[in-house]
Every structure is written in structure tokens, then in C-alpha cells.
Amino acid sequence: MGTKIELPSEKPLRNWLIISSLTAFSTGTLFMLLLTTPLVVFEGNFVSGSVAIAWYDLRNYGEPVYHPGLSSIPFLSIPAFCASSFSILVSCLVVYKVWKRNTVSHVLVEMLIGALEVCVIFIGVFFSLRLDVIHATSAIPTEVGGVNSAGHLVISGSIRRETFPSILIGQFYPLVILGVLLSTIALILGHEIAKFIPNRAEKNR
Amino acid sequence: MLLALARFIDFPLSMSMVAGKSMEPHLLVGDLVLSVKGNYDVGDVVVIGGVNKINCIVHRIVNMTEEYVVTKGDANPGPDGPIGRDHVLYKVIYVIPRLLWIPPLLAVLLFIGFRYLKELIQGAEVGRTLITVVLFFSILDLVYMSLIPIYHVHQQIELKKPNVQLRSISISDDFRFFTAVYTNVEVLRFIRVNWAAINAAGREFIPENVSIDGDALVVGIPNEVYEALYANSSGASSFWVYCDIALDKGNLYGYYPITFSWRKLEVNVVNNTVLIFNPNPVSLNASFEIQYYDLDSFGRLYHVRTNKFNTALHSLSSFTVRPEKTGVTCYVILRYVLLNQNVMESRKVNPVGD
Chain A
1 MGTKIELPSE KPLRNWLIIS SLTAFSTGTL FMLLLTTPLV VFEGNFVSGS VAIAWYDLRN
61 YGEPVYHPGL SSIPFLSIPA FCASSFSILV SCLVVYKVWK RNTVSHVLVE MLIGALEVCV
121 IFIGVFFSLR LDVIHATSAI PTEVGGVNSA GHLVISGSIR RETFPSILIG QFYPLVILGV
181 LLSTIALILG HEIAKFIPNR AEKNR
Chain B
1001 MLLALARFID FPLSMSMVAG KSMEPHLLVG DLVLSVKGNY DVGDVVVIGG VNKINCIVHR
1061 IVNMTEEYVV TKGDANPGPD GPIGRDHVLY KVIYVIPRLL WIPPLLAVLL FIGFRYLKEL
1121 IQGAEVGRTL ITVVLFFSIL DLVYMSLIPI YHVHQQIELK KPNVQLRSIS ISDDFRFFTA
1181 VYTNVEVLRF IRVNWAAINA AGREFIPENV SIDGDALVVG IPNEVYEALY ANSSGASSFW
1241 VYCDIALDKG NLYGYYPITF SWRKLEVNVV NNTVLIFNPN PVSLNASFEI QYYDLDSFGR
1301 LYHVRTNKFN TALHSLSSFT VRPEKTGVTC YVILRYVLLN QNVMESRKVN PVGD
């Protein structure tokens, strides 16, 4: 078993720790928001309600609708919830340590780097979850009425609208930019702590 | 892990976790199902793969042909669409209830996790924590992705859709009312008739009496409609009833054609009386001749006299011709014009009078 290495919270490591923590915190919060905010909204009497990755509430003329596909998708979001919570928790811990104690253990910093890397991985997961939601909701009919023996039945249907979070996840470039940003910060932080770790390890010995 | 990934790598044994409520109460959310490749039959619960094998269904087979399989979730109102037999990946052979595996697994994971975390916090080799964090979340996500069969997201769901269909259209025996009876009225209610119109012989007529009676539309037909039709008709006549019915959720625009035939006057002799009935919805002008005959001393018929008169035979009403007590016999001759054609009817009445 190795020993715990306390890294000094000095510039520029201190700055990079705060930047990394804020990035991890923001990404974790963004992921939480993407999980819980509706990606698709149905407006109208026929079908109304909202669909997020983690939940959905659809109503057909006021009565709740059970959608097998949408009911299953929240289960896939559990790892994403865990990753987001982890990122938020670790970033808060790091900020606390940096502000209050001026030292931070290498374990916590590695956790922070891990959280950033996990966020990169989960960008793809969000892309996939969003596709599941879009596919499931696109199969929900929105138009009613038509022509039959009684005549032309004109009934106002519903409008299916994708919200900004869905458009954001659906875009390729913002996600790639976010991924590159997170990876870069993780790499820089790794590089910064690598300067201290050999010296500190020797001192601890 | 191998079992969880089995459906991607074509392994003979597979394990999946139920993530939907479609198979309740047989399978609950969180139950693990062990499944094998092999023969299956109607009634078996099978794992069906979608286009990509991430989206799988665990449903029961309700019908089967040599090429297709029809499945249904026990809790679903209707069956799924037929799918090719090659989409059936596994047959479920054993179910591990969620209460049997989730609590023990959580306890073990918490115990190991706590010890591991304690070790990490106390001090770990450089890089170990980083690898642990990344591996943990990657494996967690992979396990979830591979273990959970997601119900096929493209499946159409059953929604209550407003519907109304026409059962019958008719006009009343007295030609005064048009009735459209609706059926299969679902998820909607008739409120009122916004407007209605009748198109006959190229003209539009606005009916005065329009109403909704239960699930039926009743439209009063003005006499002018029939008069216009009669003036322009050379055989059967048609007119259209247009309507805009306000529903609680929208509108119904109906266009209903009605066809009927013009008929000759019904002429019958009952008790030495000639009864004429006009079955048409318009009045007809008729001219009558009543020719009286008697016998001379040689027993030959001779014409005594003729009475003539004209009258209007009103719609759907009867007219009675009662000859006088003159001679031994008489002929009632009726002439009228129906659809620009002269029609003559003759009836012998014998004996005559009261």
C-alpha cells in the first residue's frame, strides 16, 4: 500500500485545482440538468407533457400514459447520475481543501482527474440516451382526426417540440468541444501534480 | 459480465435485467432473467433483439408461424407487431427475483467499496485512484448497457383517439327530416351544429331546424329543396347535406348524399271509390275525367256524360274521387305530368254511387 501524498496548494497548482474543480462541478451540474430537464415537450390536448431522460409525464386527454420504452430509459441513466454526483462531490471537496487547508491529498486530485475523464466518457452516454428519448417520443402519435365515413374529423392534435437541452446534446461540435476541454484540463492537472509527486514521495519516505 | 454481454457476442447463455413493467406480474422491474438459445413455443417468455441488440424485449410468445413470431407483454393491452424468428435471441429459463439479488449485492458492494475507499483515502499508489474511478464508472455503464433489455423504443403505444363513424343516413317517411346516425363515438362529445346547408339542383338551401339528438344529426328539409329538385329532375334525384358539428375536441365536417326516386301516383279502387295517393314530396297537378256509361234497351253501353275537373294533389296526401250514381258503370281517368312526362291512369268503377 502506498502512502498519502499531501500536495501544497500553491500557484499554479492551486489555480488549476480550482479551474478543474469548477469545470467538474459545472459539468456534473450540467449533466444533472440534462438528466432532469425535459428534452421533448408535447403541447396540445391529445398528448401533453414532458419527457426527460430520468422521468416522463405524458397525458392523453388528461390521463397518464404508460410508455414501456420511456419507462426503461431512466434505468440507463443511473450510472450517469452516479457520475454526475461523483463529479460534484469531488469538486466540492477539492475546493474546500484548497480554501481551508492549503493542502490536498493526491488521492483527491486523482479522483478529480478521474471525474473529469468520466465526464468525457459520459458525454457519449448522454448522446445515446438522448437518441433513445428522441426515438421513443417520435413513435408517439401527435395527429388525430382524418376522413372517414362520418366526414372530415378535424381535431387539434399535439405538437412535439425538442427543448434546448435536447438540441444541445444532439449537436456534435459542442459535445466534442466539451470533451476536449475536459480532457485538456485533466491532462494539465495531471501534469501539474506530476511535478510535485516525486518530490513529496521522497520527502514522505 | 460475460452473460450480460452474451446477446452481443452470440453466447449460448444470457442474462438480462428487466427494466419495464410490461411483463408484470410475472417479471418485475429489477428481476434478472437467465435465458438460453434453443427451441421455443407459444407461451414461452423470450428475449427479442432489435436492430441493435441494445434494445431488447422480454415478452411472451402468443402466436407463431414458420416465419414470424407474435409476442405480447403480459401487462400490455395488445400484442406487439409480428417479427421474424431470427430476432428471437433467447428463451427465458429462470428468473432471479430482485429481492434475492439486489440487497445482497448492494451489501457486498458497499462493504468492498468502503474498505477500498478507506485504503485509498489513507494512501494509495500514484495513479491507482484515477484508474479505479475511470474503470468503476466505465464498467458500471457497460454493465447497465448490456444487462438491461430496453423495451423497443419505436413501439407504438395505444392512445385514446377521438373517433366517430357514420352508421346510417336516411330521410324520414314524410321527407321532412334528414337523419345521420353516428356510431363508434369515442373520446368526444357532440356539442352543437355550427351550421348546415343543403345543396340541391345547384342551389344552396339553409335548413331552419337543425339539431343534435344523442348521437344523431337531424336536419329539417325545406319544401323548396324538393321543388327545386323536381323542376330539374329527369329521374332519381340527389341532394347533399353539409354540416359543421362542433365537438368538445374539434369539429366534424360532414357531406352526406341522399338519393330518392320520384314515383307515380298510387291509384286504387276501394268500395267504388278511387283513392289517389301522392307519394312524392311535391304537389302534383292532376286533371280528372269521370265518364259515366249506362245500358240502352238493347243492353249496349252508351256514354251518358263526362265530368271534368282539375285539382292539386298535395304531397303525401290522398285524394278521393267518388263518382255519382249515374248509369251502370263509369271510368275515372286521371292525367298528370311527372318529370315532364304525361301519365294517364284509368280505373273502372262499378256499380256507382252510394
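Protein chains in written order, with the numbering used here: chain A, 1 to 205; chain B, 1001 to 1354. The beta-carbon is built from N, C-alpha and C at its ideal position, and this holds for glycine as well.
- By the rule that beta-carbons nearer than 9 Å mark a contact, B/G1020 touches chain A.
- A/T142 and B/A1216 have their C-alpha atoms roughly 28 Å apart.
- Close to B/S1138, with beta-carbon spacing below 7 Å, are these residues of chain A in chain order: I121.
- With a threshold of 16 other beta carbon atoms within 10 Å, A/W99 falls short and is exposed.
- Here B/G1073 is buried: its Cβ has 16 or more other Cβ atoms, across all protein chains shown, within 10 Å.
- Where A/N148 is concerned, the enclosing beta strand (DSSP E) starts and stops at 146–148.
- For the options A/V109, A/H135, A/I169, A/I121, the alpha carbon positioned closest to that of A/H191 is the one of A/V109.
- Chain-ordered, the chain B residues with CB closer than 9 Å to the CB of A/S156 read K1249, G1250.
- In this structure, B/V1046 lies near B/H1059, with their beta-carbon atoms less than 9 Å apart.
- The alpha carbon of A/L175 has as its nearest neighbour, out of A/F122, A/I134, A/N60, the alpha carbon of A/F122.
- In its chain, beyond the 5 residues on either side, L17, S20, S21, A24, V90, S91, V94, L189 have a beta carbon closer than 8 Å to the beta carbon of A/L112.
- Of the candidates B/R1300, B/V1270, B/V1187, B/S1238, B/V1187 places its Cα closest to the Cα of A/G145.
- Of all residues in the region 90–122 of chain A, those with a C-beta nearer than 8 Å to a C-beta of chain B are S105, H106, V107, E110, M111, I113, G114, A115, E117, V118, I121, F122, reading in chain order.
- Shown here for A/S84: same chain residues with a beta carbon closer than 6 Å to its own, the five before and five after excluded, namely G28, F31, M32 in chain order.
- Excluding five sequence positions before and after B/Y1293, the CB atoms of its chain that fall closer than 7 Å to its own CB belong to L1301, Y1302, H1303, V1304, G1327, V1328, T1329, C1330, given in chain order.
- DSSP places B/K1348 in the strand class (E or B) of the three-state scheme.
- By the beta-carbon neighbour count (other beta carbons within 10 angstroms, threshold 16), B/W1195 is exposed.
- For the pair B/C1056 and A/F196, the Cα-to-Cα distance works out to about 50 Å.
- Annotation: Cβ neighbours of A/H152 in chain B (cutoff 9 Å, chain order): N1251, L1252, Y1253, G1254, Y1255.
- When the five nearest sequence neighbours on each side are left out, the beta carbons in the same chain lying within less than 7 Å of the beta carbon of B/V1282 are those of Y1226, E1227, Y1230, S1315, in order along the chain.
- Per DSSP, the continuous alpha helix (DSSP H) segment holding A/P79 begins and ends at 78–100.
- Short of 8 Å from the beta carbon of A/I134, and not among the five residues preceding or following it, lie these beta carbons of its own chain, in chain order: L39, V40, E162, S166, G170.
- Secondary structure at B/N1209: coil, using DSSP grouped into helix, strand and coil.
- Residues of the region 45–62 of chain A whose Cβ lies closer than 8 Å to any Cβ of chain B, in chain order: N45, F46, V47, N60, Y61.
- When DSSP states are grouped into helix, strand and coil, B/V1070 belongs to the strand group.
- Cα atoms of A/G114 and B/A1107: separation of roughly 25 Å, rounded to the nearest angstrom.
- With respect to chain B, the C-beta atom of A/L76 has a partner C-beta closer than 9 Å.
- The straight-line gap separating the alpha-carbon atoms of A/S156 and B/A1201 is approximately 35 Å.
- When Cβ pairs closer than 8 Å are counted between the two stretches, the region 1029–1039 of chain B is seen to touch the region 1088–1101 of chain B, the count reaching three or more.
- The C-beta distance from B/I1290 to B/I1245 rounds to 53 Å, too long to fall under 8 Å, and the pair is not in contact.
- Contact check for B/F1190 against B/Y1182 passes: the beta carbons are separated by less than 9 Å.
- In this structure, B/L1247 lies away from B/P1323, with their beta-carbon atoms at least 9 Å apart.
- Using a 10 angstroms sphere on the CB of A/I140, the tally of other CB atoms reaches 16 or more, which defines it as buried.
- As computed with DSSP, A/S166 is found in no beta bridge at all.
- In summary, B/Y1144 is buried, with 16 or more beta-carbon neighbours lying within 10 Å of its beta-carbon over all protein chains present.
- Beta-bridge annotation (DSSP): B/V1046 is paired with B/H1059, B/K1091.
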